[in-house]
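K.L.:
Quick note: the sequence shown uses the working numbering, first residue 2, plus one each step.
Just so it is clear, CB atoms sit at the ideal spot from N, CA and C, and this is done for glycine as well.
Keep in mind it's a predicted model, so treat the numbers as computed, not measured.
Quick one: structure below, then a few questions.
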Amino acid sequence: MTGSAGQKRVPTEFFHKWKVYSPSKEEQSRIAQILDILDSQIQKTEALIAKLEKIKEGLLHDLLTRGIDHNGQLRPTPDQAPELYRESALGLIPKKWVCSEIENLLDCPSRSGLYKPSAFHGYGAPMIQMGNIFSSEFVSFEKISRVSVTPSELEIFGLENGDILFARRSLVLEGAGKASLVKDLPEPSTFESSIVRLRLRQDAILPSFAIVFLQSSFSYSDRRKYIRQVAVSGVSSSDIRQFLCLIPPLEEQQTIISRVESSRSRIEAERKALGKLKKQKAGLMDDLLTGRVRVTPLMKDAV
Numbered sequence: 002m003t004g005s006a007g008q009k010r011v012p013t014e015f016f017h018k019w020k021v022y023s024p025s026k027e028e029q030s031r032i033a034q035i036l037d038i039l040d041s042q043i044q045k046t047e048a049l050i051a052k053l054e055k056i057k058e059g060l061l062h063d064l065l066t067r068g069i070d071h072n073g074q075l076r077p078t079p080d081q082a083p084e085l086y087r088e089s090a091l092g093l094i095p096k097k098w099v100c101s102e103i104e105n106l107l108d109c110p111s112r113s114g115l116y117k118p119s120a121f122h123g124y125g126a127p128m129i130q131m132g133n134i135f136s137s138e139f140v141s142f143e144k145i146s147r148v149s150v151t152p153s154e155l156e157i158f159g160l161e162n163g164d165i166l167f168a169r170r171s172l173v174l175e176g177a178g179k180a181s182l183v184k185d186l187p188e189p190s191t192f193e194s195s196i197v198r199l200r201l202r203q204d205a206i207l208p209s210f211a212i213v214f215l216q217s218s219f220s221y222s223d224r225r226k227y228i229r230q231v232a233v234s235g236v237s238s239s240d241i242r243q244f245l246c247l248i249p250p251l252e253e254q255q256t257i258i259s260r261v262e263s264s265r266s267r268i269e270a271e272r273k274a275l276g277k278l279k280k281q282k283a284g285l286m287d288d289l290l291t292g293r294v295r296v297t298p299l300m301k302d303a304v
């Protein structure tokens, strides 16, 4: 690169000296054909994932409005069987369901997270940050921050499987009050001060069901009224405790969870397949476009 004052440029003579791999036109055509096949597979997999996401969205709507009857089937709709439903703060719900504020379901008081000065960061126990709870319905332990904590701090601000973490603030409206479930905790961990921890009574509501509901559009419509917008969107701990939650009987909660997990597993399997295809394409491009791997044997076989 040459030039000054921020105006860098590539010298013209570079292009006369720059060597690029240039296979025969027949070989170029074969390379393009191979990559096109992979592109087609990638596009089909992406389309399938989008379709499965739509199906899951419809399934969630039905499960959270109609639920599952004793025969393992979706209940008839309110129009078909109004006698099976009753009014609640969240609209019509099955008669055996309860609509309650989250604070009535707590096993212990809600807890805001731990603040530690920067000198304590970089080593120690994993500390869940906002970014770890925005990625999905489950807390992510990838790209985890670490912080030095005392045993008493870890006891007070520690996490357990089944804990639900809420974001108190967010740069985007829908992120404020977003919930994420602690699952498969890899080691003793804590959480930062912009997050609120709720620990539920599992004799009343299963955490896996609670997160299904709290991630739904029904829950967002409810919590939207608590969100305050200043520089960032935010909710308080007391706001979070007032969020409403639907509570089917425990057996029905478990059936709903199983249906959701089956749908989720199918989507995850396709996402993994998509990742493998993209990785395969990147590897083939690196090999074929540099000449490291030749397609001439394939061309000979075709002849």
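Below 8 Å on the Cβ atoms is my guess for Arg1 versus Val197; work out the distance and round it to an integer in Å.
P.N.:
For the chain, the structure presents residues 2 to 304; residue 1 sits outside this window and is missing.
K.L.:
For Phe15, which three-state DSSP category applies?
P.N.:
In this structure, Phe15 counts as helix in the three-state DSSP scheme.
K.L.:
Taking 8 Å as the cut-off, decide whether the C-beta atoms of Phe192 and Met286 are in contact.
P.N.:
Not in contact: Phe192 and Met286 (Cβ atoms no closer than 8 Å).
K.L.:
Quick check: the Cα distance between Leu299 and Glu28, rounded to an integer number of angstroms?
P.N.:
Note on Leu299: pLDDT 46, under 50, position unreliable in the model; no value is reported.
K.L.:
Which first and last residues belong to the alpha helix (DSSP H) in which Arg242 is found?
P.N.:
Per DSSP, Arg242 belongs to the alpha helix (DSSP H) from 238-243.
K.L.:
Classify Asn133 as buried or exposed, calling it buried when 16 or more other Cβ atoms lie within 10 Å of its own Cβ.
P.N.:
Result: buried.
K.L.:
Measure the beta-carbon distance from Arg200 to Glu252 and round it to whole angstroms, keeping in mind my assumption that it falls under 8 Å.
P.N.:
22 Å between Cβ atoms; not a contact.
K.L.:
Can a CB atom of chain D be found closer than 8 Å to the CB of Ser149?
P.N.:
Given the protein chain composition of this structure (a single chain), no chain D is represented.
K.L.:
Please report how far the alpha carbon of Met131 lies from the alpha carbon of Ser195, in whole angstroms.
P.N.:
Approximately 7 Å between the Cα atoms of the pair.
K.L.:
As a quick exercise: from Ser266, Ser141, Phe214, pick the residue whose alpha carbon is nearest that of Asp63.
P.N.:
Comparing Cα positions, the closest option is Phe214.
K.L.:
Could you pull the start and end residues of the alpha helix (DSSP H) that Val213 belongs to?
P.N.:
First-last of the alpha helix (DSSP H) with Val213: 208-215.
K.L.:
What are the boundary residues of the beta strand (DSSP E) that includes Tyr86?
P.N.:
86-89 is the span of the beta strand (DSSP E), which, as asked, contains Tyr86.
K.L.:
Pro249 to Ser137, Cα distance in whole Å?
P.N.:
When rounded, the distance between both Cα atoms is 24 Å.
K.L.:
Whole-angstrom Cβ separation of Gly178 and Phe244, contact assumed at under 8 Å?
P.N.:
About 7 Å; that satisfies the 8 Å criterion.
K.L.:
Going by beta-carbon coordinates alone, are Ala205 and Leu106 separated by less than 8 Å?
P.N.:
Cβ distance < 8 Å, so Ala205 and Leu106 count as in contact.
K.L.:
Got a sec? Which residues, its chain only, sit under 8 Å from Gln74 by beta carbon, not counting five neighbours each side?
P.N.:
Excluding positions up to five away in sequence, the list is empty.
K.L.:
Using only CA atoms, which one of Leu93, Arg10, Ile43, Ser217 lies nearest to Glu58?
P.N.:
Residue Ser217 is the option with its Cα nearest to Glu58.
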